[in-house]
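Student:
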Amino acid sequence: MRNFRRSMWFSWPYRRQFVASVMCALAVAVLWGMNLSALYPVLKLLGTRQNLHQWVDSEIAGHEKQRAESAERVKALNHALDQVEARPDSTEREKQKRNLSADLARATDSQDYHAAWASRFQLLRAKVIRHLPADLFETFLWLVAAGLVCIVLKGIFEFFQESLVGSVTSRSMFDIRNSFFRRVVRQDVRQLQAAGTVDLMSRFATDCDQVNSGLKVVYGRVIAEPLKAGACVAAACWISWQLTILFVVVVPVVLYMLTKVSRSMRKAARRVLERVSAMSKIIRESTDGARAVKAFAREPHERRRFRAANREFLNKALRLIRLDAFANPMIEVLVVLAVLAAVAAGMFLVLTQNTHIWGVRMCSQPMSHESLIQFYVFLGAIADPVRKLSSVYAKLQAAEAAAGRIFEAYDREPTIKGNPDGPRLDAVAARVEFRHVCYSYDPTAPDPTLDNVSFTANAGETVAVVGGNGSGKTTLLALLPRFFDPDSGAVLIDGVNLRTAHLRSLRKLVGLVTQDTQLFDASVFANIAYGKRRATRDEVIAAAKKARAHDFIMKKPGGYDALMGDAGASFSGGERQKIALARAILRDPKLLILDEFTSQIDAQSEADIHDAIKEFVKGRTTFLITHRLHTVPEIADRVVMMDAGRVLDVGTHADLLARCEPYRRLFESGQLRRAA
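Numbers in the numbering used here are just positions in the sequence shown, counted from 1, shifted up by 195.
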């Protein structure tokens with residue numbers, strides 16, 4: 196339960212509310228016991244037809260008589276002991292002394308017992324009974340009214356206890372989710388891609404809900420039910436602690452059996468959560484790729500894939516259900532056995548009016564049938580909290596499994612460190628250098644993604660990085676904002692190795708526009724302003740105008756306040772690219788990265804964006820990835836030709852056309868496609 200205990204530490208700031216909930220639970224337990232105790236006077240009323248005044252007087256008289264008899268016996272035993280002491284030493288004398296001493300101890304205990312009870316009944320008569328009516332039915336009504344008051348008070352305390360527990364757990368989960376998200380956001384791009392969106396969403400939703408259920412069980416049921424059972428045990432011990440021990444001796448056996456079952460429950464619960472993540476992934480892929488699914492008529496395949504995952508979930512869930520179902524009857528059988536043992540012992544004591552069973556003292560005085568019935572009521576009341584606690588283990592094991600998945604992702608440390616003491620980068624004053632850079636997504640792969648890449652881009656220069664699919668272009672430029680770090684070699688800005696640079700200052704230096712525009716379900720204004728904290732409306736409009744986006748934004752209902760929908764679904768591809776470019780322009784980066792930013796838009800939008808880019812790149816160090824090489828001569832100062840993770844050549848567009856055959860073929864094929 197190590198991970199679940201970690202989640203409980205998030206409740207520490209709310210310990211005062213938790214303590215208040217425990218006090219309310221304690222009040223509920225006391226009132227629960229008082230309600231059950233009302234049965235005894237009712238039974239006395241029905242059995243003896245005496246009012247409470249007569250009953251208390253008879254109890255006082257009975258205890259006083261027993262005390263007097265015990266006092267006489269103590270006096271007689273002391274006299275006999277003195278006579279034995281006067282005899283000469285002998286074995287028989289010592290034996291008689293031991294027997295008389297034992298009898299004297301029992302008589303003294305009996306005297307003290309009856310004296311104490313006589314005193315208690317006298318106090319009860321003076322403080323309570325004298326205020327009650329003498330009529331039997333009116334007495335019964337008073338008892339009913341007192342029970343009703345106790346029930347109302349118990350309900351009030353239960354309300355506050357559950358409200359406080361709900362407040363503590365909800366606030367704890369608020370902090371857990373915030374802290375978890377903060378840790379996840381800090382992780383590297385590579386770690387987030389490996390984890391997957393669906394898996395993380397499952398951990399934030401399903402797993403956090405399981406932990407929340409576990410916290411509610413611990414702070415609510417695990418606190419309240421044992422207190423209620425404890426109140427009943429204390430009341431039962433008041434009647435006969437020996438019989439009560441006979442009942443509660445089953446508890447260690449129950450705990451041992453639950454411990455054995457809990458290990459299997461934990462593993463089963465974790466597998467269930469993993470299957471939930473797998474199903475969520477299939478649903479996400481099928482809905483996000485709905486066009487491909489329908490275009491290729493693959494609905495039956497997706498149904499079969501989901502059915503298989505759902506079947507695995509069903510099998511794991513049924514195993515967890517069977518384990519949970521086994522725990523409940525197991526506990527119930529053990530509790531019933533304990534109750535039957537206590538019932539049999541109590542019946543023997545009442546019917547025979549004995550105080551011992553097999554030589555073991557079970558009660559100080561012969562037990563009345565009213566006391567026995569009250570005792571059974573308390574034992575029966577213990578069974579209800581125990582029954583409610585029987586399902587706790589399943590929920591706690593599920594919560595432990597969920598907490599394990601949460602903290603597994605929570606504890607991942609990013610490999611890209613922030614370097615708070617590193618040199619800050621405010622501009623690109625001289626150059627950006629890639630020096631013998633090697634990188635591989637899979638260290639075991641025979642061919643690296645980037646293989647000994649070296650070239651330099653001067654400050655204010657626009658460099659186009661071109662090559663076929665899979666040549667490593669996007670991976671290479673992802674090293675600039677340190678989405679990844681090279682396995683070997685270095686990337687330097689003005690001679691500063693990016694590994695040692697202050698990370699936040701580096702990323703403030705960079706503006707990024709990609710093929711995937713990565714817009715949010717918010718207003719146009721919010722999406723553009725995302726590029727700069729505290730951006731004013733005038734600054735946003737100015738950036739939109741530079742990106743050639745202002746005109747179509749104003750035509751939208753709501754203008755800059757129009758919602759863009761999920762991933763900008765309410766806007767066309769060209770419009771989304773212009774808004775993404777406006778966001779980068781607003782940021783005013785010194786280092787601009789453009790990655791296939793016009794690959795999925797129409798010719799007019801492409802022309803508009805290129806006009807905006809030609810103006811915006813002036814005075815900035817820009818890296819450009821594109822398959823549309825006809826734009827390279829207009830924008831790029833130099834071209835880096837890549838193939839299979841290596842740099843084939845670096846030079847101007849004209850130089851590469853003249854001397855680099857792969858570049859010439861790539862350019863000519865692009866021209867043919869454009870002509871077609």
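Think of the CB as a built atom: it goes at the ideal place given N, C-alpha and C, for glycine as much as any other residue. Please read these numbers as outputs of a predicted model, since none were measured by experiment.
Apply the 10 Å Cβ neighbour rule to S864 and answer buried if 16 or more other Cβ atoms are within range, or exposed otherwise.
Tutor: As a working mapping, residue 864 is identified with position 669 in the sequence shown. Counting Cβ neighbours within 10 Å, S864 comes out exposed, since fewer than 16 surround it.
Student: Mind listing, in chain order, the continuous alpha helix (DSSP H) runs of no fewer than 4 residues lying wholly within the stretch 651 to 677?
Tutor: The stretch 651 to 677 contains these whole alpha helix (DSSP H) runs: 668 to 673.
Student: L861: which of Q278, F501, G663 and S700 sits nearest, CA to CA?
Tutor: In the sequence shown, counting from the first residue as 1, residue 861 sits at position 666. It is G663.
Student: Where does the unbroken beta strand (DSSP E) through H631 begin, and where does it stop?
Tutor: As a first step, residue 631 must be located in the sequence shown, where it is residue number 436. Counting along the chain, the beta strand (DSSP E) containing H631 begins and ends at R626 to Y634.
Student: Applying the 10 Å Cβ sphere with the 16-neighbour rule, what's the burial state of E595?
Tutor: Along the sequence shown, read from residue 1 onward, the residue named residue 595 stands at position 400. That one is buried.
Student: Using three-state DSSP, classify G753 as helix, strand or coil.
Tutor: Translated into the one-based positions of the sequence shown, residue 753 becomes position 558. It is coil, neither helix nor strand.
Student: In the structure shown, what three-state DSSP assignment does S649 receive?
Tutor: Along the sequence shown, one-based indexing puts residue 649 at 454. Reduced to three states, the DSSP call for S649 is strand.
Student: Between the stretch 831 to 845 and the stretch 799 to 810, can you find at least three pairs of beta-carbon atoms closer than 8 Å?
Tutor: Taking 8 Å as the limit for Cβ pairs, the verdict is that the stretch 831 to 845 does not touch the stretch 799 to 810.
Student: Rounding to the nearest angstrom, what Cα-Cα distance links D803 and G769 in this structure?
Tutor: Position 608 of the sequence shown holds residue 803. Position 574 of the sequence shown holds residue 769. Straight-line Cα distance between these residues: approximately 9 Å.
Student: Any chance the stretch 406 to 423 sits against the stretch 632 to 648, with 3 or more Cβ pairs inside 8 Å?
Tutor: The stretch 406 to 423 vs the stretch 632 to 648: no contact.
Student: Would you report the Cα separation of Y414 and D756, rounded to the nearest angstrom?
Tutor: To locate residue 414, count along the sequence shown from 1; it is residue 219. To locate residue 756, count along the sequence shown from 1; it is residue 561. Cα to Cα, Y414 sits roughly 45 Å from D756.
Student: How big is the Cα-Cα spacing for L387 and T439?
Tutor: Taking the first residue of the sequence shown as position 1, residue 387 is located at position 192. Taking the first residue of the sequence shown as position 1, residue 439 is located at position 244. Taking the straight line joining both Cα atoms gives about 57 Å.
Student: Apart from the five residues on each side of it in sequence, which residues of its chain come closer than 7 Å, Cβ to Cβ, to R869?
Tutor: Your numbering for residue 869 matches position 674 in the sequence shown. Its pLDDT being 48, under 50, R869 is placed unreliably in this model, and the value from its coordinates should be taken loosely. These residues qualify, in order along the chain: H825.
Student: Using 8 Å as the cut-off, can you tell me whether the stretch 211 to 231 makes contact with the stretch 616 to 634, which would need three or more C-beta pairs spanning the two stretches below that distance?
Tutor: Short answer: they don't touch.
Student: From A775 to V380, what distance separates their C-alpha atoms?
Tutor: For the purposes of this step, residue 775 is taken as residue 580 along the sequence shown, with counting starting at 1. For the purposes of this step, residue 380 is taken as residue 185 along the sequence shown, with counting starting at 1. Between A775 and V380, the C-alpha separation is close to 21 Å.
Student: State yes or no: is the C-beta of A400 within less than 8 Å of the C-beta of T657?
Tutor: Locating residue 400 in the sequence shown gives position 205, where the first residue counts as 1. Locating residue 657 in the sequence shown gives position 462, where the first residue counts as 1. In this structure, T657 does not lie closer than 8 Å to A400 by Cβ.
Student: Using only alpha-carbon positions, find the residue among R301, I688, F521 and L698 that is nearest to P609.
Tutor: Indexing the sequence shown from 1 puts residue 609 at position 414. Of the candidates R301, I688, F521 and L698, the one whose C-alpha sits nearest the C-alpha of P609 is L698.
Student: Do I611 and D680 come within 8 Å of each other at the CB atom, strictly closer than that value?
Tutor: Stepping through the sequence shown from its first residue, residue 680 is reached at position 485. Stepping through the sequence shown from its first residue, residue 611 is reached at position 416. It is a contact, given that the beta carbons lie within the stated cut-off.
Student: Compute the Euclidean distance between the alpha carbons of F818 and G846, then round it to the nearest angstrom.
Tutor: The residue given as residue 818 occupies position 623 in the sequence shown. The residue given as residue 846 occupies position 651 in the sequence shown. F818 and G846: Cα-Cα distance of roughly 14 Å.
Student: Using a Cβ-Cβ cut-off of 7 Å (strictly less than) and excluding sequence neighbours within five positions of S397, which residues of its own chain qualify?
Tutor: Walking along the sequence shown from the start, residue 397 turns up at place 202. Cβ neighbours of S397 beyond the five flanking positions: V471, S472 and S475.
Student: Can you tell me where the alpha helix (DSSP H) with A281 in it begins and where it stops?
Tutor: Along the sequence shown, read from residue 1 onward, the residue named residue 281 stands at position 86. First-last of the alpha helix (DSSP H) with A281: L247 to A281.
Student: On the criterion of 16 or more Cβ atoms from any shown chain inside 10 Å, does S666 qualify as buried, or is it exposed?
Tutor: In the sequence shown, the residue the question calls residue 666 occupies position 471. With 16 or more Cβ atoms within 10 Å of its Cβ, S666 is classed as buried.
Student: Under a three-way DSSP split, which group does R729 fall into?
Tutor: The residue given as residue 729 occupies position 534 in the sequence shown. Residue state, collapsed to three classes: coil.
Student: At the level of alpha carbons, what is the spacing between F602 and C427?
Tutor: In the sequence shown, residue 602 corresponds to position 407, counting from 1. In the sequence shown, residue 427 corresponds to position 232, counting from 1. Approximately 39 Å, taken between the alpha carbons.
Student: On a CA-only basis, which of V323, G409 and A311 is nearest A263? Give me that one, please.
Tutor: For the purposes of this step, residue 263 is taken as the residue at position 68 of the sequence shown. Cα-wise, what sits closest to A263 is A311.
Student: Which residues does DSSP list as the beta-bridge partners of L707?
Tutor: Here residue 707 is taken as the residue at index 512 of the sequence shown, counted from 1. Looking at the DSSP assignment, L707 forms a beta bridge with I788.
Student: Could you check what DSSP says for V323 in three-state terms: helix, strand or coil?
Tutor: Indexing the sequence shown from 1 puts residue 323 at position 128. In this structure, V323 counts as coil in the three-state DSSP scheme.
Student: Among all the DSSP beta bridges, which residues are the ones paired with T816?
Tutor: Position 621 of the sequence shown, counted from the start, is the residue given in the question as residue 816. Partner(s): L786.
Student: Between which two residues does the alpha helix (DSSP H) harbouring A285 extend?
Tutor: The residue you call residue 285 lines up with position 90 of the sequence shown. According to the sequence displayed, residue 285 carries Ser and not Ala. S285 -> no alpha helix (DSSP H), and no H or E assigned at all.
Student: Take L518 as the anchor and find which of T670, A764, Q592 and L714 has the nearest alpha-carbon.
Tutor: For the purposes of this step, residue 518 is taken as residue 323 along the sequence shown, with counting starting at 1. That would be Q592, whose Cα lies nearest to the Cα of L518.
Student: Is the stretch 212 to 227 touching the stretch 296 to 311, taking contact as three or more C-beta pairs under 8 Å?
Tutor: The stretch 212 to 227 is not in contact with the stretch 296 to 311.
Student: Taking all protein chains shown into account, decide if D277 is buried (16 or more other Cβ within 10 angstroms of its Cβ) or exposed.
Tutor: Position 82 of the sequence shown holds residue 277. So D277 ends up on the exposed side.
Student: Below 8 Å on the Cβ atoms is my contact criterion, and I expect V323 with S206 to pass it. Report the Cβ-Cβ distance as a whole number of Å.
Tutor: Along the sequence shown, one-based indexing puts residue 323 at 128. Along the sequence shown, one-based indexing puts residue 206 at 11. So it is not a contact: roughly 41 Å between Cβ atoms.
Student: Are the stretch 630 to 640 and the stretch 676 to 691 touching, with three or more C-beta to C-beta distances below 8 Å?
Tutor: At 8 Å Cβ cutoff, the stretches touch.
Student: Just to confirm, is the Cβ distance from V269 to Q317 under 8 Å?
Tutor: One-based indexing of the sequence shown puts residue 269 at position 74. One-based indexing of the sequence shown puts residue 317 at position 122. No; because the gap between Cβ atoms is not below 8 Å, this pair is not in contact.
Student: So what's G763 in DSSP terms, helix, strand or just coil?
Tutor: Taking the sequence shown and counting its residues from 1, the one referred to as residue 763 is at position 568. The answer is helix: DSSP assigns G763 an H, G or I state.
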